[in-house]
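Everything in the sequence shown is counted per the working numbering, starting at 90 for the first residue and increasing by one. Just so you know, even glycine gets a beta-carbon here, dropped at the ideal spot from N, CA and C. Notes for the one structure printed next.
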Amino acid sequence: MVCLTILAAIFNHARYWKTAFEIELSTILLFSVSTMSSDDLLNRVAGLKSQIISPQLRVSVVLWALAFTLNAHPSELAIESVPVRDSPAPSVVGKVSLVLGKAYRYDGQGRRHKIERNSPVQVSDRIVTLSNGHVHLNFDDGALVSVRPNSEFKVVRYEYVKSRPEESTVKFTLEAGVTRAVSGEAARAARQRFRLNTPIAAIGVRGTDFVVSADAVTTRALVNEGAIVLAPFSEGCKIEALGPCATNALELTGDSLEMLAMDQGTLLPKILPAQEIRNQDEMGNALQFALLTAGSLESSEAANAELRNGSEPEQVTPDGVLLEGLTSPLVAVSAEVSVIAAAQELIQSEPAPEPASEEIILDFTPSEPITLAQVNSRQLVWGRYANVPVQTDVLSLDFSQASADRQITVGNLDYGLFRAEDGSKRVATGLGLVGFSLNSAQAVYNSSSGVFAMQVNGGNLAIDFEQNTFQTALELTHDLTGQIGFSAAGRLFDGGYFRDIKDDQRVAGAVSLSGSEAGYLFEQRLADGSISGLTLWDGQ
């Protein structure tokens, strides 16, 4: 092919061919490939070259002779082809243990994959959650990473050396959003080889449980247990390095009610005391919400781990690393203790064994319809307007029982949420940010083929009584729908009522006047039907 290319170039010089020598040369060029050896050809061309008048044609002859030599004798020139090797497949270092709402995994090649339960987690994966997305990642060393809504998190390196965990390497990047981490064996044994980067700062660990929120210009961090070290990037703290930095660094421990904060416009990180956190921006509020809402979602994972290990629920804890959003050092002491206890339960000394059988999913739906005796001590109860309950109704009392000594707060055509009141509708003051754990719930999937009871596998609810806002999420499943994530956020109004109404979904609820209980009804349209349900919550 090379010879033919050069040959075509030579014939382009035909305007210079005016002699018998040039005719002789053209004859050589046309027939030499099949009839002459390379030595004979070169000798013959050498004899002709000195007689060619045109310098352009002389160049063409030399080029053609060289091309012929390369084509005829490649072995003499020791030219060898190098085989093209495929890039090694990225290593799988964990799996997705929980997904709520919409979230995607972008692999090292930039290809997008929809995240599902048990999806693999690989080095170079980038996890992106949308406004209703929430993902938990379980790693091979027993670590769990939880990525909250509107976040972007990347697994840069994860090299777990089981035989020598102190030689392990772990590196993450939080490009934006909120995430919480409870370290696995790799980070605990090799703290000098663990790093979480944000766009403006590096975080190293000297503990096992911390929360980070970040964007392009700001980083906030809270510690639930152990300690972290935060430092800005500099010559002494390079983005490509591992471990905690020592230059311009600040350390924060879990026994303080403080927050580490750093902005792009400042040279050094600073510690915000508890009294300043109340007035922090939306990112600080996001951190506060994360720890409070962690408990309910994690409880379902804890139950699964217990069942996998074949032990009693109170004896076994789930796998161990979680990156998650909002934290509140301003909650009551009992709530803070509950949050720390929930995080401690995530840490286990040994990786969980492989499941021996199919996992059993936790369901907050009562197995039998509730009775008045079971809920009579509660401040909030659900009542139904129908005389006879439908088969899927297990959480409501009949109207006469629910309304006795209670007042209606919110409801729809089928149900109402009734609250015990003392003549006023004023909610207790000084509550601050309160997290709620899911007590019980019921949900149905309504489609053209019928109405089906769903499982309610977990959820979270946080209400900020200072800012008059709420955020909530639920995880529901059914064979016909698969896993569905429901989430909402909205305003809290005077009297303890809250709601969020959109074109495709609706939430309406209320809190008890003491602020220790909450309940709401929800509805959401799907492409092929709708879901709806009732919930009851207990303050942490």
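Here DSSP, grouped into helix, strand and coil, assigns Gln468 to coil. Fully contained in the segment 322 to 346 are the following beta strand (DSSP E) runs of length 3 or more, in chain order: 339 to 342.
Excluding five sequence positions before and after Leu563, the CB atoms of its chain that fall closer than 6 Å to its own CB belong to Gly548 and Phe575, given in chain order. Cβ contact annotation for Leu625 (same chain, cutoff 6 Å, sequence separation greater than five): Asn528, Ser529 and Gly608, in chain order. With respect to the 9 Å criterion, Glu255 and Ala278 are classified as neighbours on the basis of their beta carbons. At a Cβ-Cβ threshold of 9 Å, Thr498 and Gly354 do not count as neighbours.
DSSP lists Tyr534 as the bridge partner or partners of Phe541. Going by C-alpha positions, Asp352 is about 29 Å away from Ala232. The three-state reading of DSSP puts Pro254 in helix, counting H, G and I together. For Arg580, the uninterrupted beta strand (DSSP E) run begins and ends at Gly571 to Phe582, by DSSP. In this structure, the alpha-carbon of Glu329 lies about 31 Å from that of Lys191. Proximity of the segment 300 to 308 to the segment 324 to 338 falls short of the contact definition, fewer than three beta-carbon pairs being nearer than 8 Å. For Gly222 and Pro362, the gap between their C-alpha atoms comes out near 31 Å. In terms of Cα proximity to Val540, the closest of Val516, His567, Phe554 and Asn557 is His567. Take the alpha-carbon of Thr518 and the one of Asp553: they are about 12 Å apart. In this structure, Ser180 is the residue among Ser180, Val236 and Ser220 with its C-alpha nearest to the C-alpha of Val210. Note that the C-beta distance between Ile289 and Phe261 is not below 9 Å. Burial check for Leu569: the Cβ neighbour count within 10 Å stays below 16, so the residue is exposed. Residues of the same chain with a CB within less than 6 Å of the CB of Ile292, apart from the 5 flanking positions on each side, are Leu285, Ile317 and Leu319 in chain order. Shown here, Gln463 sits in a helix according to DSSP, grouped into three states. The beta carbons of Leu565 and Gln594 sit about 13 Å from each other, so the pair does not count as a contact at 8 Å.
In the structure shown, Ser489 falls within a helical segment according to DSSP collapsed to helix, strand and coil. Bounds of the beta strand (DSSP E) holding Ala562 are Thr558 to His567. Exposure of Val479 is indicated by the presence of fewer than 16 other C-beta atoms within 10 angstroms of its C-beta.
Using a Cβ distance threshold of 9 Å, Leu469 and Ser252 do not count as a contacting pair.
For Glu274, the secondary structure class from DSSP, reduced to helix, strand or coil, is helix.
When rounded, the separation of the alpha-carbon atoms in Gly315 and Asp230 is 19 Å.
Restricting attention to Val477, Gly183 and Gly585, the CA atom closest to the CA of Val224 is found in Gly183. For Val306, same chain residues with a beta-carbon under 8 Å away, outside a window of 5 residues either side, are Pro288, Ile289, Asp352, Gln353 and Gly354 in chain order. DSSP places Ala303 in the uninterrupted beta strand (DSSP E) bounded by Asp298 to Ala303. When the Cα atoms are used, Asp589 and Phe582 turn out to be separated by approximately 11 Å.
The straight-line gap separating the alpha-carbon atoms of Phe507 and Ala491 is approximately 6 Å.
Beta-carbon to beta-carbon, Gln613 and Phe525 are separated by about 20 Å, too far to satisfy the 8 Å threshold. Under the 10 Å beta carbon count, Asp482 is surrounded by 16 or more other beta carbons and is classified as buried. DSSP places Ser601 in no beta strand (DSSP E); its state is neither H nor E. If you check the CB distance, Arg282 and Thr258 come in under 9 Å.
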